[in-house]
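What follows is a short report on a single structure.
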């Protein structure tokens, strides 16, 4: 009995000594892991703030894109810190990195369409073929841009409807931007009968254009004979207007030319009318 008691005491002391050694070893590992996590957390936030500030001062970088790249940097640092912490406990990090790579590949294949929209969104934000407030038109969509995101672009149609277009559909198709250039051209055609003096009608059209302050003087408005018919000549009045005033000015010019060449209320029959 005494021998058994002695063996138990010896075994207990050995177990306690081993547990104490393990506690000391893992306490340092746990302490080191906590320090790494705290430092990694603060480092990721600092790098995120620096990247966001630096990218915000780069000309041509959209705020959405700056946040996106800054977040990628932050989460990359956090993942690196997490793998390093696991290494403190003897975990084989090579297998973890391989597993993360395989998981990333699987997620990429599953979200292929979404990743295409993200890639297209990045290109749209970098190259900026259109900006918020500009009116665009593609084969499938048209409207005024209200927001350009990483996944999709929001538009407001001319009749006041909300439209959401995936970025990949806007990146992979030709886009006409009606608001980007400072000025826009407008051609207004008028049919002049053969019994009218063509030079007088040209001068009258030019006079109407030059009286409008919204029409650009450079390049100056011009009138030319666009085509000939059996009983009339088709004159074209070509002028340039600032883009924000284009719609209002062209509608007003249509009205004024109609009054000058068409039938006034209670007046005589028209000598010439705008061509259809």
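Residue numbers (this note's numbering): 34 to 309. By construction, the Cβ of each residue, glycine as well, lies at the ideal position given by its N, Cα and C atoms. Computed from a prediction, not measured in an experiment: that's the story for all the values here.
Nearest neighbour of residue i, chosen from the options [CA to CA]
| i | options | result |
| --- | --- | --- |
| residue 206 | 270, 171 and 287 | 171 |
| residue 204 | 218, 223 and 182 | 182 |
| residue 160 | 208, 118, 196 and 78 | 208 |
| residue 167 | 173, 184, 190 and 155 | 190 |
| residue 212 | 119, 158 and 275 | 275 |
| residue 77 | 68, 257, 277 and 103 | 103 |
| residue 262 | 290, 281, 223 and 237 | 223 |
| residue 105 | 84, 118 and 119 | 84 |
Residues of its chain near residue i, where Cβ-Cβ distance is below 7 Å and the 5 sequence neighbours each way are ignored
| i | result |
| --- | --- |
| residue 254 | 239, 242, 243, 248, 270, 271 and 272 |
| residue 286 | 221 and 245 |
| residue 260 | 267 |
| residue 198 | 174, 185, 186 and 188 |
| residue 210 | 162, 163, 167 and 169 |
| residue 277 | none |
With 16 other Cβ atoms within 10 Å as the buried cut-off, status of residue i
| i | result |
| --- | --- |
| residue 150 | buried |
| residue 178 | buried |
| residue 194 | exposed |
| residue 163 | buried |
| residue 19 | Any property of residue 19 remains undetermined from this structure, which presents the chain solely from 34 to 309. |
| residue 86 | exposed |
| residue 290 | buried |
| residue 169 | buried |
| residue 258 | exposed |
| residue 165 | exposed |
| residue 118 | buried |
| residue 256 | buried |
| residue 158 | buried |
| residue 298 | Confidence is the limiting factor: at residue 298 the pLDDT is only 35, short of 50, which leaves the residue's position unreliable, though a coordinate-based value still follows. Burial call: exposed. |
Span separating the alpha-carbon of residue i from that of residue j
| i | j | result |
| --- | --- | --- |
| residue 214 | residue 74 | 46 Å |
| residue 267 | residue 231 | 10 Å |
| residue 295 | residue 156 | 50 Å |
| residue 293 | residue 235 | 12 Å |
| residue 80 | residue 174 | 39 Å |
| residue 153 | residue 89 | 20 Å |
| residue 70 | residue 110 | 11 Å |
| residue 309 | residue 228 | In this predicted model, residue 309 has a pLDDT of only 34, less than 50, meaning its place in the structure is not dependable enough to derive any value. |
| residue 68 | residue 108 | 18 Å |
| residue 114 | residue 96 | 27 Å |
| residue 99 | residue 237 | 55 Å |
| residue 219 | residue 201 | 32 Å |
| residue 233 | residue 284 | 24 Å |
| residue 252 | residue 192 | 33 Å |
| residue 72 | residue 180 | 37 Å |
| residue 250 | residue 101 | 45 Å |
| residue 82 | residue 64 | 27 Å |
Own chain, CB closer than 6 Å to residue i, minus 5 neighbours either side, in chain order
| i | result |
| --- | --- |
| residue 279 | 217 |
| residue 176 | 188, 189, 190 and 196 |
Own chain, CB closer than 8 Å to residue i, minus 5 neighbours either side, in chain order
| i | result |
| --- | --- |
| residue 307 | Because the pLDDT of residue 307 is 39, which lies under 50, any placement of that residue in the model is unreliable, and the number read from its coordinates should be weighed accordingly. Hits under 8 Å: 221, 222, 223, 224, 287, 290, 291, 294 and 295. |
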